[in-house]
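Visitor: Heads up: the sequence lines are chains A and B, in that order. Heads up: take any position in the first sequence, counting from 1, add 779, and you land on our numbering. Heads up: take any position in the second sequence, counting from 1, add 779, and you land on our numbering. Don't be surprised by glycine CBs; every beta carbon is placed ideally from N, CA and C.
Number of protein chains: 2
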Amino acid sequence: MKTKVRVVLADDHPVVRDGLAAMVNQQADMEVVAEAGDGDEAIALYEQHRPDVMVLDLRMPKRDGVSVVQRVLELHPKACILIMTTYDGDEDIFQCLSQGAKGYLLKDAPRQEILSAIRAVSEDRPYTSSTVAAKALQRMAKPSLTQRELDVLQLVAEGRSNKDIARRLSITEGTAKTHVKAILTKLDAISRTEAVAVAHKRGLIHL
Amino acid sequence: MKTKVRVVLADDHPVVRDGLAAMVNQQADMEVVAEAGDGDEAIALYEQHRPDVMVLDLRMPKRDGVSVVQRVLELHPKACILIMTTYDGDEDIFQCLSQGAKGYLLKDAPRQEILSAIRAVSEDRPYTSSTVAAKALQRMAKPSLTQRELDVLQLVAEGRSNKDIARRLSITEGTAKTHVKAILTKLDAISRTEAVAVAHKRGLIHL
DNA sequence: CGCTCTCTCTATCTTAAGAGGGAGCGAGGC
DNA sequence: GCCTCGCTCCCTCTTAAGATAGAGAGAGCG
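1) Enumerate in chain order the residues of its own chain whose CB-to-CB distance from Val-832 of chain A is below 7 Å, with the five nearest sequence positions on each side excluded.
2) Starting from the beta carbon of Leu-799 of chain B, find every residue of chain A whose beta carbon is closer than 7 Å, and list them in chain order.
3) Nearest by alpha-carbon distance to Tyr-906 of chain B: which of B:Ile-984, B:Leu-885, B:Asp-871, B:Asp-791 is it?
4) For the stretch 911 to 921 of chain B against the stretch 930 to 948 of chain B, do three or more pairs of beta-carbon atoms, one drawn from each stretch, fall closer than 8 Å, so that the two count as touching?
5) Under a CB-based cut-off of 8 Å, is Met-802 of chain A close to chain B?
6) Between the stretch 938 to 951 of chain A and chain B, which residues of the former have CB atoms less than 8 Å from a CB of the latter, in chain order?
7) Taking buried to mean at least 16 other C-beta atoms within 10 Å of its own C-beta, is Gly-938 of chain B buried or exposed?
8) Scan the stretch 840 to 921 of chain B and note each continuous beta strand (DSSP E) run of 3 residues or more that stays entirely inside, going in chain order.
9) Taking 8 Å as the threshold (C-beta atoms), are Arg-981 of chain A and Gly-818 of chain A in contact?
10) Among the residues of its own chain, which have a CB less than 8 Å from the CB of Met-802 of chain A, if the five just before and after it don't count?
11) Can you tell me where the alpha helix (DSSP H) with Leu-948 of chain A in it begins and where it stops?
12) Starting from the beta carbon of Glu-973 of chain B, find every residue of chain A whose beta carbon is closer than 8 Å, and list them in chain order.
13) Any beta-carbon of chain B closer than 8 Å to the one on Leu-929 of chain A?
14) What are the boundary residues of the beta strand (DSSP E) that includes Glu-814 of chain A?
15) My understanding is that Ala-978 of chain B touches Leu-966 of chain B, with C-beta atoms under 8 Å, so please give their C-beta distance in whole angstroms.
16) From Lys-960 of chain B to His-958 of chain A, what distance separates their C-alpha atoms?
17) Considering just the uninterrupted stretch of the alpha helix (DSSP H) at Arg-971 of chain A, what are its terminal residues?
18) Taking Val-847 of chain B as the reference, give the member of B:Val-794, B:Ile-822, B:Pro-830, B:His-855 with the closest Cα.
19) Excluding sequence positions up to five away, which residues of its chain have a Cβ less than 8 Å from the Cβ of Ala-813 of chain B?
20) Grab the span of the alpha helix (DSSP H) containing Ala-936 of chain B for me, first residue to last.
21) Compare the Cα-Cα distances from Val-811 of chain A to each of A:Val-834, A:Ala-945, A:Ile-969 and report the closest residue.
22) Mapping the DSSP letters down to three states, classify Ala-821 of chain B as helix, strand or coil.
23) Can you pull the chain A residues whose beta carbon is under 7 Å from the beta carbon of Ala-899 of chain B, in chain order?
24) Around the Cβ of Met-863 of chain A, are there at least 16 other Cβ atoms within 10 angstroms (buried) or fewer (exposed)?
25) Does Ala-968 of chain B come out as helix, strand or coil in the three-state DSSP assignment?
26) Once DSSP output is grouped into helix, strand and coil, what is the label at Asp-836 of chain B?
27) For chain A, check one thing: does any of its Cβ atoms lie closer than 8 Å to the Cβ of Lys-886 of chain B?
28) Less than 8 Å between C-beta atoms, sequence neighbours within five positions excluded: which residues of the same chain meet that for Ala-976 of chain A?
29) Whose C-alpha, out of A:Gly-953, A:Ala-936, A:Leu-963, A:Thr-951, is nearest the C-alpha of Ser-923 of chain A?
30) For Leu-788 of chain B, which of helix, strand or coil comes out of DSSP?
31) Which whole-angstrom value describes the C-beta separation of Asp-999 of chain A and Asp-836 of chain A, a residue pair presumed to lie in contact below a C-beta threshold of 8 Å?
32) Cα-Cα, which of B:Asp-903, B:Thr-865, B:Tyr-866, B:Arg-850 is closest to Gln-878 of chain B?
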């Protein structure tokens, strides 16, 4: 038999870490070698242990999942990272996958799916949950927002007026309106409030 | 030594249930007797096992935490329920506590806090996390919304216009405006979009 | 019975939002 | 060089939103 698959866990909830650790360590072919509670720790522990797989929560204190994926793959292009998150609408997921994360998993997945996802990723095979695969296809058809539009959207979501947005971004109110209009068109919304609702549903913003 | 504290877990994430179960069963003085994956199951398993403590996630499929608390306490007024949730801003928490839940806990709490909370609740002592206690005091000072206002707020959050809201609630646009104005005043917001942001932060609505 | 609260409706007025245009300019790709 | 895209700015016009103020009906309460 080969050596065990070495796993590093990163999640800010001790309960989730315990759950994952219990599941993994019960298996004969894998073991948890370290647990991180935030993004910085996750990177540090990857460096230290060089695991076969890193299971990573998207939302964490200090440094979110996206930037952890970015950093780790920058240092170790061959790293096998399995993303784990609560919401299947998050835009972040696609950012991670396109940056090179090997797999993606919902937190409400059953034990068997979680374990088989870890095994798949450890063998460098991509694992994509079926619900996400479907969402990914849907997303392709939809227009994406530019960085500036995302900046404006964030402020809109905070309830700022066009005038206020203009002041904060050092542009004119007219330009702010132009961006807002583009956002409304791309998100297919009639009002800014609806745009916020749509954006939140798609995981473009986190309130 | 007394008999062990009998615990029923209710959470829709298998990972979290595993984690809690592992933590609890490691203790000499407590044990998990059943696990539920949704609200209905939680109620059924309470009936079946009559545990000393039920640990309950607020957000679950089929029936949410609030209504589970309501139903269980209706059948068993002495039930000891410990609420567990991810977000500390949720309005629901206060509803649960005022309905008679014995304790409240954040999911990112460390092991020791979780275990001591279960012990406290099992002895019929209330357990209140310090962050929540503070929030509760803050909340007292703030004006509460009427049911009608919450109805309107929900529609506002979905991006509906005043006219649309009026149609859906079978009232005039003027009345819808009156409600929206009241909402803005109570939430201390300038625009409806800001009101949605504030309401979401306070857990008055779930997008 | 008054008092308060909620919900309903009315009216007027000001301002912000959104629709529909056009246009310049720099960066990057073909 | 040409073209596209992102960002910026400008114009007009219509409508929705919000501020302000008043008022009546019904429920619940001391």
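Guide: Checking against the coordinates, here is how it stands:
1) Val-784, Val-786, Cys-859, Leu-861, Ile-897, Val-900, Ser-901
2) Val-794
3) B:Leu-885
4) no
5) yes
6) Under the 8 Å Cβ criterion, the stretch 938 to 951 of chain A contributes Gly-938, Arg-939, Ser-940.
7) buried
8) 860 to 864, 882 to 885
9) No, these two residues do not count as a Cβ contact at 8 Å.
10) Arg-890, Ile-893, Leu-894
11) 941 to 948
12) Glu-937, Gly-938, Arg-939
13) no
14) 809 to 815
15) 6 Å
16) 28 Å
17) 971 to 981
18) B:Ile-822
19) Val-787, Leu-788, Leu-824, Gln-827, His-828, Pro-830
20) 926 to 936
21) A:Val-834
22) helix
23) None at all; the shortest Cβ gap to chain A is about 18 Å.
24) So Met-863 of chain A counts as buried.
25) Three-state DSSP puts Ala-968 of chain B in coil, outside helix and strand.
26) Asp-836 of chain B: strand per DSSP, three-state reduction.
27) yes
28) Ala-968
29) Checked all of A:Gly-953, A:Ala-936, A:Leu-963, A:Thr-951; the closest Cα to Ser-923 of chain A is A:Leu-963.
30) strand
31) Missing from the structure shown is residue 999 of chain A; chain A here goes from 780 to 986 and no further.
32) Nearest Cα to Gln-878 of chain B within the set B:Asp-903, B:Thr-865, B:Tyr-866, B:Arg-850: B:Arg-850.
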